[in-house]
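One structure is given here, and the rest of the page talks about it.
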Amino acid sequence: MKILFLDIDGVLNSNFWNDANEREISEGKFIDTEKVLMLSKLINETDAKIVLHSGWRFWFDDNMNPLRYESIYFTEILKAHNLFIYDKTPDLTTEEIRKTKKFSLVKAREILLWLNKNDNIEEYLIVDDLDLNNQEIEVHQIKTDATVGLTNENVVEAIKLLNAKTH
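Count the sequence shown with our numbering and you get residues -2 to 164, in order.
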């Protein structure tokens, strides 16, 4: 099984998109549908399962049912492109990390913990705009630029990395 650890902010939206879409954001629609099309191409060409490792994962219950309008909208947009969230990473944040929003300090450990608890992972990739401060997983990360989010170049690279063993 191939896994795509997906961050949302800075990946499926961007500073540039946010500035141009204030009305959508005021309606709780934080997702750039152009980025979802790119994600769809990535998933269709790799058959990877999406594991949410964004702060957005707190907007879902343990069965990945959305708990807030933003996550309901996100789920519906994914579904429209035949995409589904397989799972989410565990939460290792502390009150201090949540207060200072320094999630990059624990994201790598959360991903490694998820990988250790799940068998049959042949390849994994992380798409995130943050530096995850961990050399072990750094080679498995495509770091997006938060100002533009996911790009076609990121998608081509991701497909190549996820399909490396099967081609």
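Ideal placement from N, C-alpha and C gives every residue a C-beta, glycine not left out.
Three or more pairs of CB atoms, one per stretch, sit closer than 8 Å, so the stretch 66 to 86 contacts the stretch 106 to 114.
Beta-bridge annotation (DSSP): residue 85 is paired with 49.
Comparing C-alpha distances from residue 146 to each of 125, 93, 57, 156 shows the shortest one belongs to 125. In this model, residue 98 and residue 130 are separated by some 15 Å (Cα to Cα). Excluding sequence positions up to five before and after residue 112, its CB lies within less than 7 Å of the CB of 118, 121, all in the same chain and listed in chain order.
Inter-residue distance for residue 148 and residue 48 is about 20 Å (C-alpha atoms, whole angstroms). A direct Cα-to-Cα measurement between residue 65 and residue 59 gives close to 14 Å. Between residue 41 and residue 27, the alpha-carbon positions lie close to 23 Å from each other. From the listed residues 150, 96, 153, 141, the smallest Cα separation to residue 8 is found for 141.
Rounded to the nearest whole angstrom, the CA to CA distance from residue 17 to residue 82 is 27 Å. Within the DSSP bridge table, the entry for residue 125 names 140 as partners. When the beta-carbon positions are compared, residue 139 and residue 161 stay at least 7 Å from each other. Residue environment: residue 10 is assigned as buried (16 or more neighbouring CB atoms within 10 Å of its CB, all protein chains considered).
Residue 152 sits close to residue 38, with the two beta carbons spaced by under 7 Å. Annotated three-state conformation of residue 98 is coil, per DSSP. Residue pairing by DSSP places residue 120 opposite -1 in a beta bridge. In this chain, residue 11 is not harboured by any alpha helix (DSSP H), its DSSP state being neither H nor E.
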